[in-house]
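Residue numbers (the working numbering): 10 to 138. One structure below.
In C-alpha cells, the structure reads:
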C-alpha cells in the first residue's frame, strides 16, 4: 500500500485518512468493482465486464490486481479447463461498505439536485439483498 500523508507547515509528516482511503478505492472503476462485489458476493471476470461495460479488459484487470494487492478482494483460481476465476471481498474489503453507501447517497442527492435521475445499474446495497 502506498503511504498516504499530509505535510503541515513544520514539515512534520502526518498520515491522512482521506488520502489513504482515496489511494485504496480511488482508481478508475475500483469503487464500482467493490460495490458490485458487495451486492453479488462473488463474480467472475466476465460477469464484472458485463456489470461495468465501460471498463476495458486491460483496465479491469489492472484495477482487480490493485484491489487484490491492497487486500480488499480475494482472487480464487479453480484448477479446471477452461480456467475459472472468481473474485470476492475479503473481510477488510467488506469494511468499506459504509463508505460506499455514503458515496451512493451523496451521489444520488447530487444528481437529484441537478434535476437528473439515478439511472445506473446499481441500487443501494439494502435494495440489492
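Yeah, the Cβ is synthetic: ideal placement off N, Cα and C, and Gly gets one too.
Reduced DSSP category for residue 52 - H, G, I as helix; E, B as strand; rest coil | strand
Would residue 35 be called buried (16 or more neighbouring beta carbons within 10 Å of its own) or exposed?
-> exposed
Chain-order list of residues whose beta-carbon lies under 7 Å from that of residue 68 (same chain, five-residue window excluded) | 37, 38
Per-residue DSSP class, three states only, for residue 86 = strand
Identify, in the order they occur along the chain, each residue of the same chain with its Cβ nearer than 8 Å to the Cβ of residue 94, setting aside the five sequence neighbours on each side.
-> 53, 54, 84, 85, 86, 87
When you compare each of 72, 28, 33 to residue 104 by their alpha carbons, which one comes out closest?
-> 33
CA-CA distance, residue 25 and residue 102?
-> 19 Å
Which whole-angstrom value describes the C-beta separation of residue 111 and residue 46, a residue pair presumed to lie in contact below a C-beta threshold of 8 Å?
-> About 17 Å separates the two Cβ atoms, so there is no contact after all.
Spatial distance of residue 44 from residue 90 (CA atoms) = 29 Å
Going by DSSP, which residues form a beta bridge with residue 96?
-> 52, 84
Is residue 66 helix, strand or coil when you go by DSSP?
-> helix
Tell me, to the nearest whole angstrom, how far the beta carbon of residue 82 is from that of residue 99; I am working on the premise that it is less than 8 Å.
-> 6 Å
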